[in-house]
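Line by line, the protein sequences give chains S and E. So that you can map any letter, position 154 of the first sequence is 153 in numbering that gives the first Met the number 0, and since no number is skipped, the others follow by simple counting. So that you can map any letter, position 471 of the second sequence is 470 in numbering that gives the first Met the number 0, and since no number is skipped, the others follow by simple counting. First the structure, in the form of structure tokens, and then the observations on it.
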Amino acid sequence: MRLPPWLLSDRAGLVLLAILAIIGVGVPVLNLLAPPDHPLHLTAYTVTLLGKYLCYALLAVAVDLVWGYMGILSLGHAAFFALGGYCFGMYLMRQIGTRGVYGDPVLPDFMVFLNWQELPWYWHGFDLFWFAAVMVLVVPGLLAFVFGWFAFRSRVSGVYLSIITQALTYALMLAFFRNEMGFGGNNGLTDFKDALGFPLQADGARIVLFVLSTLALAGGYLACRWLVSTRLGRVLVAIRDSEDRARFLGYRVEKVKALVFTFSAMLAGVAGALYVPQVGIINPGEFAPLNSIEAVIWVAVGGRGTLVGAVVGAVLINYAKTWLTGALPEVWLFALGGLFVMVTLLLPYGLIGLLRRREATA
Amino acid sequence: MPSRTPSRAGFFALAFALLALFGASPARAADDDSVRTILAQLRDADFDGKTEMIEKLVALDHPRIATILKALSDSRLYYQEEGDRVVIGLGDAADIAIEDAVSGAALGQVGKRDLDRITANNRLRSLIEDRLASLGLASADPRQRKAAVEAFLRNPDPAGAERLRARLAVETDSGIKELLWLALALADLASDDATVRAKAATALGGRMETEIRGPLARMAAEDGDPAAKEAARIALARTEFRLQMLGWAETLFFGLSLGSVLILAAIGLAVTFGVMGVINMAHGELMMLGAYTTWLTQQWLPVNWSLPVAVPLAFLVAALVGIAIERGIIRFLYGRPLETLLATFGVSLILQQAVRSIFSPLNRSVATPDWMSGTILLGPLEVTLNRLVILGFCIAVFALLWLALQRTRLGLEVRAVAQNRAMARAMGVRSARVDALTFGLGSGIAGVAGVALSQLTNVGPNLGQSYIVDSFMVVVFGGVGNLWGTMVAGLSLGVANKLLEPWSGAVLAKILVLVFLILFIQKRPRGLFPQRGRAAEV
């Protein structure tokens, strides 16, 4: 089988895909086949943690697509991530059925608690897996399209766009905190039991979710890599480097931007949908502006406009976060803040940029 | 029981005359004496005699009469055989403290058995009550007159109305006149004559006192006479209207108050972002530093003095940190706004964690000075003093900043660099120094805003975060680089928020305002008052 040229020339991408293939197979094997006392055995906790990193990596790829290639610094991508998560969380809530604390066959516990008599209209259909799966793409995509279409058409760009994306996620966070919204308010959605009949707590389900995350990341990476290698991708870079010139050359800049922004939001939604069953909860805190900005810094550390760098940055920083918040909780924010400053001052092209420069000089 | 002898009365008269020579006013001394005389008769009189004596006492115009009559009514007026005087008992124990009825001088503790109570019956008591009311009305002290009318307002009666009418004819104090008029109109509402009722109702329209709204509402609902009923209804509608206006005024004040907070939070940003074009995500944390500075000054200084000291200190602390940020980070990133945004966000995380590590993650309570607590009446509107002070403070900060930018050399240089950096440099402006000072100015104002915020919200490591989105929205809404725009934007957003709140709830109001802003920026990306001309292109 011959690889298409756009993939063949992407050496870093091939390495990434190879690594993903190795861990996609290797992690389940080490979890299932290695005996528990074997040094290479991976616990279900580790598998889930890795799966979480992969979801973050997919979010980072989505951010990199719009920031690195189109020059839009979105400080609200966590909103799309969280919306995807909520969509899938709603499906999981409906699957609880009579096993909830109040045993209501239709209403989730928090609605019974709030004395609601019937399901709000927007909860209908989420008992079907395929419907929820479609909504995971449609809801973030639709929001991104509407928001992007209006913003790009009126040529809101640069820091203004960053600020209103931040306002968007902030407004959504405030909205989801309200009990009246019907998404569980402060507590969010949790206590999930099973998906498609498989109990989520079982090791098998965790392995499946991990493999799905690996596949989603690989698929998301390939899709973005393909996208940026097409003519559309060239236009993206043109817009990033000189929006006015691209417009004068006859490209419908706002259409291109809205399209790619929507696609990126859908990727983020998928990442969120895979994230929720693995961590077992989704609450309005996921909309916090800090989360979006953290995703941006993953990309910045890895190297923007490289896609591979986004994955590297997301995994490295989240690994560091897990380790530091456990070992030295006081230091984590210092480290993250210092990282923001250092990377922007000293590493404008991130780790991947550093590697490329080494290669170029060698 | 020995009765009081004339010779003794003569002795007392002499004694008081002597006292008068040594300073007490002669009129007072003479009056004291006549009061004593009447009290002596009161003691021995039967109830009819007592009635007569009470009338005599009332006629005397002596400052102690009200106290004496009240004591008689409460059965606390005694005759003390030892000393042959009438005294007032304070308290109800077996041993009670007494004071001289006429002079009010404390006479120590005595056993109750050594005192003879001067009795009163219910007829006397109601007489006393009536006379006390008139006495209050006739008092030389306006406060007592006012209290007497207010007592009537709480508990109107026909007999009292006659007294009030008599007083109204001679009253000179305009405030009390007004109150008397009100009380009489209220009494007229209960009149048997329907025209009198209707007239009174019409006159009372628009008054917001609950004592008046109650009877008017009753009248509008159940008066037998249709004309009077209609008059009451119209009067009530006028009252409702005024109440509504007052409600609006209250909302407006709360809105302006919120707006002043927004302006304080945003105005420093208007300098760094608006004038310099630098996105400083650590702006909120500079406010937090200002708030913590306030807390620190309160550890050293009495609360009442801490704020005037905290304001310049907070300015200094925040300005120094701001200059450090500018020299250390931002100056390497000019022309790359998105990178600046990320780097300053990193700074904000570091500052937050630093405060958390140094001062603990818990909120610190900053005390409010006495001169800022409580409420004050602005016309019919009751407003909290701290919000009013902060509103004034906001205006002062705004005015100072405006003067600094328009009237000082630094301000001129700042504007020059903002408009055309290369040209300003060519003219000899040291642009690097101006950058640092401008950033320091904006940061210092953030610190000053923190002092104000410490009076309104909890002072904790997250103080700044909650304001950063809002303050950016204010600056962008007003138009970047336009201080007046920031002012207008802050006030209108504050008022809009408070107008929405009763209808939608606080959180939803905030969301709606945010959504409005997002839509507004789509429509007018350059804000309410965009910069025009060449400066806009830079």
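Yeah, the Cβ is synthetic: ideal placement off N, Cα and C, and Gly gets one too. Treat the numbers as computed from the prediction; the structure is a model and nothing was measured.
Looking only at its chain, what residues have a beta carbon closer than 6 Å to the beta carbon of residue i, apart from the 5 residues adjacent to it on each side?
i	result
residue 85/E	38, 78, 100
residue 88/E	75, 77, 95, 97
residue 342/S	299, 300
residue 27/E	Low local confidence applies: a pLDDT of 47 at residue 27/E is under 50, so the model's placement there is unreliable, with the coordinate-based value given in what follows. Closer than 6 Å at Cβ, skipping near neighbours: no residue.
Leaving out five residues on either side along the sequence, give the residues of the same chain with a beta carbon under 7 Å from the beta carbon of residue i.
i	result
residue 392/E	451
residue 144/S	257, 261
residue 213/S	19, 22, 23, 53
residue 366/E	297, 302
residue 269/E	474, 482, 485
residue 164/E	183
residue 387/E	375
residue 118/S	105, 106
residue 44/S	none
residue 143/E	135
residue 307/S	11, 12, 15, 351
How about residue i: is its C-beta nearer than 9 Å to some C-beta of chain S?
i	result
residue 265/E	no
residue 338/E	yes
residue 534/E	For residue 534/E, the pLDDT reaches just 46, beneath the cut-off of 50, and the residue's location in the model is therefore unreliable, although a value from the coordinates is still provided. No, no contact with chain S.
residue 516/E	yes
residue 471/E	yes
residue 501/E	no
residue 464/E	yes
residue 260/E	no
residue 228/E	no
residue 252/E	no
Which residues does DSSP pair with residue i in a beta bridge?
i	result
residue 455/E	Per DSSP, none; premise fails for residue 455/E.
residue 96/E	89/E, 108/E
residue 374/E	383/E
residue 66/E	According to DSSP, residue 66/E bridges with nothing at all.
residue 79/E	84/E, 114/E
residue 363/E	458/E
Say whether chain E places a C-beta atom closer than 9 Å to the C-beta of residue i.
i	result
residue 322/S	no
residue 370/S	Since the first residue shown for chain S is 0 and the last is 361, residue 370/S is missing from the structure and cannot be characterised.
residue 331/S	yes
residue 72/S	yes
residue 340/S	yes
residue 16/S	no
residue 258/S	no
residue 288/S	yes
residue 335/S	yes
residue 22/S	no
residue 316/S	no
residue 238/S	no
residue 206/S	no
residue 163/S	yes
Note down, in chain order, each residue of its chain lying with its Cβ closer than 8 Å to the Cβ of residue i, except the 5 sequence neighbours on either side.
i	result
residue 258/E	489, 490, 491, 492, 493, 494
residue 353/E	none
residue 428/E	412, 415, 416
residue 538/E	Outside the displayed range of chain E (0 to 537) lies residue 538/E, so it cannot be described from this structure.
Legend entry - Short-range partners of chain S found in the segment 346-358 of chain E, where Cβ spacing is below 9 Å: Listed in sequence order: 346, 347, 348, 349, 350, 351, 352, 353, 355, 356.
Legend entry - Cβ-based contacts, 8 Å cut-off: residues of the segment 299-332 of chain E near chain S: 328, 331, 332
Inset, instruction - Give the residues from the segment 94-106 of chain S that approach chain E closer than 7 Å (Cβ to any Cβ), ordered along the chain. - result: none
Legend entry - Residues of the segment 140-161 of chain S whose Cβ lies closer than 7 Å to any Cβ of chain E, in chain order: 149, 150, 153, 154, 155, 157, 158, 159, 161
Inset, instruction - Anything in the segment 342-356 of chain S with a Cβ closer than 9 Å to a Cβ of chain E? List those residues in chain order, please. - result: Here the close residues are 342, 343, 344, 347.
Inset, instruction - At 4 residues or longer, and completely inside the segment 114-199 of chain S: list those alpha helix (DSSP H) runs for me, N to C. - result: 128-152, 157-176
Inset, instruction - Taking a Cβ distance cut-off of 7 Å, strictly less, list which residues of the segment 482-499 of chain E are near chain S, in chain order. - result: none
Legend entry - Near-chain E residues of the segment 165-179 of chain S (beta-carbon distance less than 9 Å), N- to C-terminal order: 165, 166, 167, 169, 170, 171, 173, 174, 176, 177, 179
Inset, instruction - Give the residues from the segment 290-310 of chain S that approach chain E closer than 9 Å (Cβ to any Cβ), ordered along the chain. - result: 292, 295, 296, 299
Inset, instruction - Identify every run of the alpha helix (DSSP H) within the segment 176-204 of chain E, keeping only runs that are complete inside it and at least 4 residues long; order them along the chain. - result: 193-203
Legend entry - Within the segment 220-250 of chain S, ranges of the alpha helix (DSSP H) (whole runs, at least 4 residues): 230-240, 242-247
Inset, instruction - Pull out every residue of the segment 388-410 of chain E whose Cβ sits closer than 8 Å to any Cβ of chain S, in chain order. - result: none
Inset, instruction - Mind listing, in chain order, the continuous alpha helix (DSSP H) runs of no fewer than 4 residues lying wholly within the segment 275-345 of chain S? - result: 288-301, 307-326, 328-345
Inset, instruction - Only counting runs of 4 or more residues, tell me where the alpha helix (DSSP H) segments fall wholly within the segment 274-336 of chain E, in order along the chain. - result: 282-299, 302-327
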